[in-house]
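Reading through the C-alpha cells given below for one structure.
Protein chains in written order, with this note's numbering: chain S, 1 to 484; chain X, 485 to 583.
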C-alpha cells in the first residue's frame, strides 16, 4: 500500500512540475492536442484495468493503473483553455476527495450495497448537472446532435439519481424493503415515460424553453416510481441496472462535450452494468421487464401445498452432525450479511477443517443485495476464494454432501423453483441443498423470506431448523464442535 | 459539431461497447462487487466535464452547478478507487492460500 501512495504522490508532484514547464514552453495552440493524448493514455489504462479484473491476482495492479489514468486525465484537464480560475475547482476536488475517502475508509463491508447505490447516485448527479449546465448555457444554439446527447444524459442521469437514492433508502432500511404497489401503477409509469420521450423528441427540433427542465423533473420522478415497487430480493438487478444507466449518462456526456475518454469510460461502465443485469436476471429466470414492472409475489402464482412440519433442532445435535461429517457445504444468503455472521462462519469452518471435514461454500449469483455480495463478505472474513463454489460447480456435489448448512438464505435454496411450475420463482436455478443427506437451516424466526414465498425446504424430513441470530448460533456451534 | 466529428464519436462508442462486452464477460462472479465499484470509479471521469464547467467562470449559475458536479464526481472517483482497492486487497491476500 505504501508503495502505491508514494508513487501517486510522486506523480502529483511530477504533474505540477510538468504544468509549470509547459506553461512557459509549449505554445498555446498545442495544448488541446496534448490533452487529447493524455486522455488517450487514460482510456488505455482504464481498459487495461478492467481487463486485469479477470483474475483476483492481477485485479489490484490493474486498478492502480486505472487510478493513475484517472489522475492523468484530471491533471490534463486543468490545462483546458476554457478554464480561467482554479479556486472553485480546487474547492470541489478537495471536498469530494475528503467525502469519498471517508466513505470508503469507514464504511463496513456489509454496507457495500448501500455505498454502491449512493455512488451511482453521485456519478449520475454529476452527469445530469453537466448536461443541465450545457443546456442552460447554449440553449437556442444547440445542434440536434448535441441536444440528443444532452437529452440522453439528463434522462439516464435523472432516473439513476433518484432511483439509486430509493435503492439506498431501501437497503439502509429507511424505506421498507417490500414492494410498494398501487392500482394502475404500470399505466402511470408508462405514461410518464412516454411523455418524457415525447418532450425529448420535441426538444431535439426546438431546443429551447422550460420544457427541458420539465423533462429533467420527469426523469427524477420516474426514477422514484421505477424503484419503489421493486422488492429487496430483486435488488441485485436494480443495482446492476443503475450501474449501467450511470455509465450511459457519462457516455452521453462525452457525446455532448465531444470528449472521447468520457465516451469510452462511460460505455465500459454502461456495458458492465448491462452484462451484470442480464446475468442476475438469468440467475432468477426472469426478464428485466418482469423485474421492473412485475412487482413480485402478485396474483397468478401458487405455492406448493406444504406437508409435514418444521423440525427444530439444537446446537449440540447440529455440532455432532457437523463434527462427524465428511463433507459440509455452507450456503450463505442476505441473512448472513444482516447478522454480520461471516467471521463466525469462517471460525466454524476452520474448526471443522481441523477435524478433517471437507468444507465448501456455495454462492448463488443473486445471494445478497448486489452481484458478488457474498464473495466480498467471505473474503473479508479471510475465507480463501478457492473454497467458494458457484452454483453449477456445487450442485453435482450435493448428493455426496453429508450436511448442508443454510445461513440466512431462502429463495436461492427453495426447491419449489425446481419442482413447482406454478411457483412465483419457477425455473430459477437453485442450490439444491435438499439433495444433501441432512440440511440445517439457520434462521431468525419462522417467518417467510423477503419475497414472501413459502419455502417447502423447511418442511422436508431431512431439514432441521436452528432458530436464533446466525452469528450467535455459529459461534456456539464452533465451540460445541471443538468439544465434540 | 460537424458530421465528421459525430461519426468519429459514434465509432468510438461502438468499439468501446464491443470491447466492454468482451472484457467484462471475462470477469468471474467472485469479483462482481469490486467490478461494479471499479466501473463506477472509472465513469467518475465525468469529473473532467465538471472541472471545465467549474473553472470557466461563464456565469454564476454555471460555476455553482460545476462545483456541485465536481464534488459528486470526485466522491465517486476517490471513494470508488479506494473501496475497490480495499476489496481487492482482501481477495489478493489469500491468493491460492491453502491451510
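Note that CB positions come from ideal geometry on N, CA and C, so glycine has one too.
Taking a 10 Å sphere around the C-beta of residue 495(X), we find fewer than 16 other C-beta atoms and assign the residue as exposed.
The stretch 179 to 219 of chain S is shown to contain whole alpha helix (DSSP H) runs of 4 or more residues at 185 to 205, in chain order.
For residue 491(X), not one C-beta of chain S is nearer than 8 Å to its own C-beta.
With respect to residue 442(S), residue 414(S) sits apart: the two C-beta atoms are not nearer than 8 Å.
Nearest to residue 438(S) by C-alpha distance, out of 470(S), 150(S), 311(S) and 334(S), is 311(S).
Buried is the label assigned to residue 321(S), since at least 16 other Cβ atoms lie within 10 Å of its Cβ. In the DSSP assignment, residue 338(S) forms no beta bridge with any residue. Cβ proximity to chain X below 7 Å picks out 122, 123, 125, 126, 127, 129, 130, 132, 133, 136, 137, 143, 145 and 146 from the stretch 122 to 149 of chain S. Taking CB atoms only, residue 257(S) has a neighbour in chain X less than 8 Å away. Contacts with chain S (Cβ-Cβ distance below 7 Å) from the stretch 558 to 571 of chain X involve 558, 559, 560, 561, 562, 563, 564, 565, 566, 567, 568, 569, 570 and 571, listed in chain order.
Membership of residue 387(S) in any beta strand (DSSP E) is not indicated, and neither H nor E is assigned to it by DSSP.
One alpha carbon belongs to residue 550(X), the other to residue 537(X), and they sit about 5 Å apart. Excluding sequence positions up to five before and after residue 43(S), its CB lies within less than 6 Å of the CB of 261 and 264, all in the same chain and listed in chain order. A direct Cα-Cα distance of roughly 15 Å separates residue 224(S) from residue 196(S).
Non-local C-beta neighbours of residue 165(S) in its own chain, meaning closer than 7 Å and more than five positions away in sequence, comprise 121, ordered along the chain. Between residue 530(X) and residue 100(S) a beta carbon distance of about 14 Å is seen, past the 8 Å cut, so the two are scored as non-contacting. Its Cα nearest to that of residue 407(S), the residue 341(S) stands out among 396(S), 461(S) and 341(S). Between residue 151(S) and residue 241(S), the alpha-carbon positions lie close to 19 Å from each other. Between residue 573(X) and chain S, the shortest Cβ-Cβ separation is below 8 Å. Contact residues of the stretch 52 to 73 of chain S toward chain X are 53, 54, 56, 57, 59, 60, 63, 66, 67, 70 and 73 (C-beta to C-beta distance below 7 Å). By the rule that beta-carbons nearer than 8 Å mark a contact, residue 245(S) does not touch chain X. Between the beta-carbon of residue 534(X) and that of residue 553(X) there is about 4 Å, and that keeps the pair under the 8 Å contact cut. Proximity to residue 35(S) across 76(S), 65(S), 238(S) and 52(S) peaks at 76(S), based on C-alpha coordinates. DSSP links residue 330(S) through a beta bridge to 361(S) and 405(S).
Closest by C-alpha distance to residue 145(S), out of 210(S), 462(S), 394(S) and 205(S), is 205(S).
Fewer than three pairs of CB atoms, one per stretch, sit closer than 8 Å, so the stretch 506 to 516 of chain X makes no contact with the stretch 244 to 255 of chain S. Under the criterion of beta carbons closer than 8 Å, residue 428(S) and residue 285(S) qualify as touching, at roughly 5 Å. Per the Cβ contact rule, the stretch 221 to 236 of chain S is in contact with the stretch 175 to 183 of chain S (3 or more Cβ pairs under 8 Å). If you compare the alpha carbons of 82(S), 61(S) and 218(S) with that of residue 565(X), the shortest gap goes to 61(S).
Judged by DSSP in its simplified three-state form, residue 446(S) adopts coil rather than helix or strand. Here residue 360(S) is buried. Its C-beta has 16 or more other C-beta atoms within 10 Å. 365, 370, 371, 372, 373, 375, 376, 379, 380, 382, 384, 385, 386, 388 and 390: these are the residues of the stretch 365 to 396 of chain S whose beta carbon lies less than 7 Å from some beta carbon of chain X, given in chain order. Contact between residue 319(S) and residue 484(S) holds, with the beta-carbon distance rounding to 5 Å and staying under 8 Å. Excluding its 5 nearest sequence neighbours in each direction, residue 280(S) has C-beta neighbours in its own chain below 8 Å: 236, 237, 240, 365, 366 and 371, listed in chain order. The beta carbon of residue 115(S) sits closer than 8 Å to some beta carbon of chain X. Straight through space, the alpha carbons of residue 567(X) and residue 110(S) are spaced by roughly 13 Å.
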